[in-house]
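Worksheet: the structure to be examined is printed underneath.
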Amino acid sequence: MTTNRPLRLGVQIAPQHATYRNIRDTVSACEELGVDIVFNWDHFFPLDGEPDGLHFEAWTMLAAIAEQTTGVELGCLVNCNAYRNPSLQADMARTIDHISAGSNGGVGRFIFGTGSGWFERDFDEYGYDFGTKGSRLDALARDLPVIRDRWTKLNPAPTRDIPILIGGGGERKTLRIVAEHADIWHSFSDAETLERKLGVLAAHGADVGRDTSEIELSTEIRQRTHEEADELVSLGVTMFTLGLRGPDFDLEKVRDWLAWRDQHRRSRLEGALPTG
Numbered sequence: 028m029t030t031n032r033p034l035r036l037g038v039q040i041a042p043q044h045a046t047y048r049n050i051r052d053t054v055s056a057c058e059e060l061g062v063d064i065v066f067n068w069d070h071f072f073p074l075d076g077e078p079d080g081l082h083f084e085a086w087t088m089l090a091a092i093a094e095q096t097t098g099v100e101l102g103c104l105v106n107c108n109a110y111r112n113p114s115l116q117a118d119m120a121r122t123i124d125h126i127s128a129g130s131n132g133g134v135g136r137f138i139f140g141t142g143s144g145w146f147e148r149d150f151d152e153y154g155y156d157f158g159t160k161g162s163r164l165d166a167l168a169r170d171l172p173v174i175r176d177r178w179t180k181l182n183p184a185p186t187r188d189i190p191i192l193i194g195g196g197g198e199r200k201t202l203r204i205v206a207e208h209a210d211i212w213h214s215f216s217d218a219e220t221l222e223r224k225l226g227v228l229a230a231h232g233a234d235v236g237r238d239t240s241e242i243e244l245s246t247e248i249r250q251r252t253h254e255e256a257d258e259l260v261s262l263g264v265t266m267f268t269l270g271l272r273g274p275d276f277d278l279e280k281v282r283d284w285l286a287w288r289d290q291h292r293r294s295r296l297e298g299a300l301p302t303g
């Protein structure tokens, strides 16, 4: 599959086991290195290591990142839909969109990454109903139209059509929500799994009347090799995300994957140039 979208690298900086100053410095370092997107995550407790270790809230941090940075896009990988009502989510997203646009009336850089949530401790300790995987997905399907509608009512309006990134790979419910609402679909699929799921996604797209080739494909690098990532590129993936964990955020893998990204960009450019 070919696409005209540029290949992009997003770095997810986990807001755990690190001071805010260290997180902030890592954001600045990633922007200086040339990453395309800075993400955090929407949890209330660490996902690994000391379970009661240092941890910060996602959305307030995103507002600070929006003010701190000038070029990178930013967002949550991903927001938990259950923690805030949909109209509030829309208003928060619009506000960060404007903060990230700067003081000169520019275009915002915020990506609205969202999902149904899964970490039960977050729900239990903060008083949210955990329900079932199905009920949480039903809530996401119910709330996304509310969020999109609220964006049309806010004053001032968002500076752009805020991109919606939806994370997850469930074939019956999640991919239908992706087909209907997502600008970006984020999964953890290998090439074989992705190829099959793209067929499922296209079928959902036909059901809801949407060409799913419009949706940007994103995947987590995890422990993949460059060759495995190349396979995903051949299937149309153009966004790759790399997770960094504190307390000390090692940027060496970021440099490595940026070099891989840049090589792909050069190859595409050279392939587009006339010869002779």
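Under my numbering, residues 28 to 303 are what the sequence shown spells out, in order.
Every residue, glycine too, gets a C-beta built ideally from N, C-alpha and C.
Small disclaimer: the values here were computed from a predicted structure and weren't measured.
- prompt: If residue 149 and residue 71 are in contact, beta carbons under 8 Å, what's the gap, nearest whole angstrom?
  reply: 5 Å
field: Test item: CB-CB of residue 66 and residue 104 under 8 Å
entry: yes
field: Alpha-carbon to alpha-carbon, residue 138 and residue 288
entry: 20 Å
- request: Compute the Euclidean distance between the alpha carbons of residue 143 and residue 94, then round it to the nearest angstrom.
  value: 27 Å
field: Residue of 282, 152, 262 minimising C-alpha distance to residue 79
entry: 152
message: Using DSSP's beta-bridge definition, name the partner residues of residue 266.
response: 35, 245
field: Rounded C-alpha distance that separates residue 296 from residue 188
entry: 28 Å
message: Considering Cα atoms alone, identify which of 282, 135, 108 is closest to residue 145.
response: 108
- prompt: Any Cβ of chain B within less than 8 Å of the Cβ of residue 177?
  reply: No chain B appears in this structure, which consists of one protein chain only.
- request: Return the chain-ordered ranges of every alpha helix (DSSP H) run that is complete within the region 177-241 and spans a minimum of 4 residues.
  value: 201-208, 218-235
message: Going by C-alpha to C-alpha distance, which of 184, 230, 141 sits closest to residue 210?
response: 141
- prompt: Ends of the alpha helix (DSSP H) at residue 89?
  reply: 85-95
query: Sorted by chain position, which residues of the same chain lie with C-beta nearer than 8 Å to residue 227's C-beta, five sequence neighbours on each side aside?
result: 198, 202
- request: Determine the burial state of residue 301: buried for a count of at least 16 other Cβ atoms within 10 Å of its Cβ, exposed for fewer.
  value: Because residue 301 sits at a pLDDT of 49, beneath the cut-off of 50, its placement in the model cannot be relied upon, and the following sentence gives the value as read from the coordinates. So residue 301 counts as exposed.
message: Going by DSSP, what residue range makes up the alpha helix (DSSP H) through residue 53?
response: 47-60
query: What did DSSP end up calling residue 41 once you bin it into helix, strand or coil?
result: coil
- prompt: residue 318 and residue 214 look like a contact to me (Cβ under 8 Å); what is the Cβ gap, rounded to whole Å?
  reply: The requested residue 318 is not part of the displayed model; the chain covers only 28 to 303.
message: Given this structure, state the Cα-to-Cα distance separating residue 43 from residue 73, to the nearest angstrom.
response: 6 Å
Residue 233 classed as buried or exposed, judged by whether at least 16 other C-beta atoms fall within 10 angstroms: exposed
query: Which residues share a DSSP beta bridge with residue 100?
result: 64
- prompt: Bridge partners of residue 106, per DSSP?
  reply: 141
message: I need the DSSP call for residue 271, collapsed to helix, strand or coil.
response: strand
task: Within the same chain, show all residues whose beta-carbon is closer than 8 Å to that of residue 292, passing over the 5 residues directly before and after it, in chain order.
output: 33, 34
task: Specify the secondary structure class of residue 125 as computed by DSSP and reduced to three states.
output: helix
message: Taking the straight line between their C-alpha atoms, what separation do you get for residue 88 and residue 128?
response: 16 Å
message: Whole angstroms are fine: how far does the CA of residue 282 sit from the CA of residue 60?
response: 7 Å
- request: Report the option in 272, 200, 284 whose CA atom is closest to the CA atom of residue 41.
  value: 272
- prompt: To which residues does DSSP link residue 70 through a beta bridge?
  reply: In the DSSP output, where bridge partners are listed per residue, residue 70 has none listed.
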